[in-house]
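**Q** In the working numbering, the protein residues as written are 880 to 1355.
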Ligand code: CA
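Here's what the structure looks like:
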């Protein structure tokens, strides 16, 4: 009799625990998985939830609508490689001279060997770490993803690629063609026959299934929708109503990206780990709005890729962690530098002061625990040509945005109030000289803490290979 009563009591207790949610809380003490998805040159307005009318993105919309959509999410650089260096180190990449892309004679450069990625710290803490996609942080063996914290790699160890193996099928901008098609599985060459975005989505979903029982970190760096413009009929058919050929192919590439994101999210659900997985989606820089590549839309922001105006550095930015973040829209400025401390804190890794991370753990802010803005001020520096002091730059402080285009003819600082003028049209510098002076002073102070750029855009005539300065080869 007593045994039966005890048994009944046990069942009642269990039911009460289930109802109160305590059991799921106990189960969730496991370290969360982390999936970081980066798109390449995706426009601010090229996702449905960000305002796109002509591109169907149901999966990205579902991600944003079931997580936190950050309206003022920034990256640290307006082009691929510097932005990725900032994301993976959690440090302003200008601190180690990684201001611009490497190209031509600088092609052997990459992420400074002296820097440590947060991925290495996650791996040291027992996470299984994997990467799928485009690296763009150095092609040399010692700069390869497998040398920078990743235990598994599938993708492009170089600087970007075509989407289809056939020769001369990709159009860069409106005219130039390009075929680069070289991939690795771990460190070995591998042949990819699928449409590249499909291959990356499938590979990412497989990684999740394979490691569903371990805490894992997966970095999926899609090449899409960066040029060359290449899409398959399956995706083109979805956007056949778009009359402009460039925009139509770009839209098809975004639709493929959306499908691939859907496969990743489905894999989390199928493996029953969606609730305890952090999923972050952002673009590495703004959409390409240059005249020759004019396919993306950053509306209502000004300019795009390569610019320190909002269109170059403010990007679609969604974070989802069902166990911690209430669904909503977050309007305080955040930056990709925040991802490293957010992930490390979630993984229960203590951030050491000597790592000198620049961002903050976003979890207290996104969970609603801390109502203050995460940042007092954010900075940008972008280097054009190597001409001394021809920096493009920007400062964001509250609603204020200070920006300098960097080209000598336009090198004056301009000031905008983004609350009233998100398109940065109405320069208020002349009527706010004191504010401009204070913000310039803060930027100059920050600039003094940076290294002079290690390389600049080298012309084709410059044949001298890049050599690391001695101090960048020693680990701190
Ligand atoms: Ca990019």
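Where a beta carbon is used, it is the ideal one built from N, C-alpha and C, also for glycine.
Just so you know, these numbers come straight off a predicted model, no measurement behind them.
Buried or exposed: which applies to residue 1148, given that a residue is buried once 16 or more other Cβ atoms fall within 10 Å of its Cβ?
**A** Result: exposed.
**Q** Quick one: is the Cβ of residue 1177 within less than 8 Å of any heavy atom of ligand 3?
**A** Ligands present in the displayed structure are limited to ligand 1, and ligand 3 is not among them.
**Q** Can you tell me whether residue 1244 is helix, strand or coil according to DSSP?
**A** Three-state result, residue 1244: helix.
**Q** Quick one: what does DSSP say residue 1211 is sitting in, helix, strand or coil?
**A** Residue state, collapsed to three classes: coil.
**Q** According to DSSP, what are the bridge partners of residue 1040?
**A** Beta-bridge pairing links residue 1040 to no other residue.
**Q** Measuring from each Cβ to the nearest heavy atom of ligand 1, keep the ones under 5 Å and list them in chain order.
**A** Going along the chain, the residues that qualify are 919, 920, 959, 1163 and 1164.
**Q** Between residue 1158 and residue 1083, how many whole angstroms is the CB-CB distance? I'm expecting something under 8 Å.
**A** Actually they do not touch by this definition, with Cβ atoms about 11 Å apart.
**Q** Among the residues of its own chain, which have a CB less than 6 Å from the CB of residue 1347, if the five just before and after it don't count?
**A** Cβ neighbours of residue 1347 beyond the five flanking positions: none.
**Q** Considering just the uninterrupted stretch of the alpha helix (DSSP H) at residue 1325, what are its terminal residues?
**A** Its alpha helix (DSSP H) spans residues 1312-1327.
**Q** Pull up the DSSP beta-bridge partners for residue 952, would you.
**A** 1213, per the DSSP bridge assignment.
**Q** Going by beta-carbon coordinates alone, are residue 1065 and residue 1025 separated by less than 9 Å?
**A** Yes.
**Q** Determine, using beta carbons only, whether residue 1291 and residue 1299 come nearer to each other than 9 Å.
**A** Taking 9 Å as the Cβ cut-off, residue 1291 and residue 1299 do not qualify as a contacting pair.
**Q** How long is the line joining the alpha carbons of residue 1014 and residue 1111, rounded to whole angstroms?
**A** Cα-Cα distance, rounded: 24 Å.
**Q** Inspect the CB distances between the stretch 1074-1083 and the stretch 1095-1114 and report whether three or more fall short of 8 Å.
**A** Touching, per the Cβ criterion.
**Q** Taking DSSP as the reference, what is the three-state secondary structure of residue 1020?
**A** Residue state, collapsed to three classes: helix.
**Q** Measure the alpha-carbon distance for residue 1034 versus residue 1108 and round it to whole angstroms.
**A** Distance between the alpha carbons of residue 1034 and residue 1108 is about 19 Å.
**Q** Can you tell me which of the three DSSP states residue 1261 falls into?
**A** DSSP places residue 1261 in strand when its eight states are reduced to three.
**Q** Tell me the residue span of the alpha helix (DSSP H) that contains residue 1065.
**A** From DSSP, residue 1065 is part of no alpha helix (DSSP H); its letter is neither H nor E.
**Q** When the Cβ atoms of the stretch 1267-1277 are set against those of the stretch 1182-1202, are three or more pairs found closer than 8 Å?
**A** Taking 8 Å as the limit for Cβ pairs, the verdict is that the stretch 1182-1202 does touch the stretch 1267-1277.
**Q** Hey, is the stretch 934-950 in contact with the stretch 1197-1212, meaning 3+ C-beta pairs nearer than 8 Å?
**A** Yes: the two stretches touch, three or more of their Cβ pairs being nearer than 8 Å.
**Q** Does the beta-carbon distance from residue 1245 to residue 1209 come in below 9 Å?
**A** Contact: yes.
**Q** Quick one, which of 916, 1150 and 1302 has its alpha-carbon nearest residue 1162's?
**A** Selected option, being the one with the closest Cα: 916.
**Q** On the CB-based measure, 16 or more other CB atoms within 10 Å of its CB, does residue 1232 come out buried or exposed?
**A** Answer is exposed; the Cβ neighbour count stays below 16.
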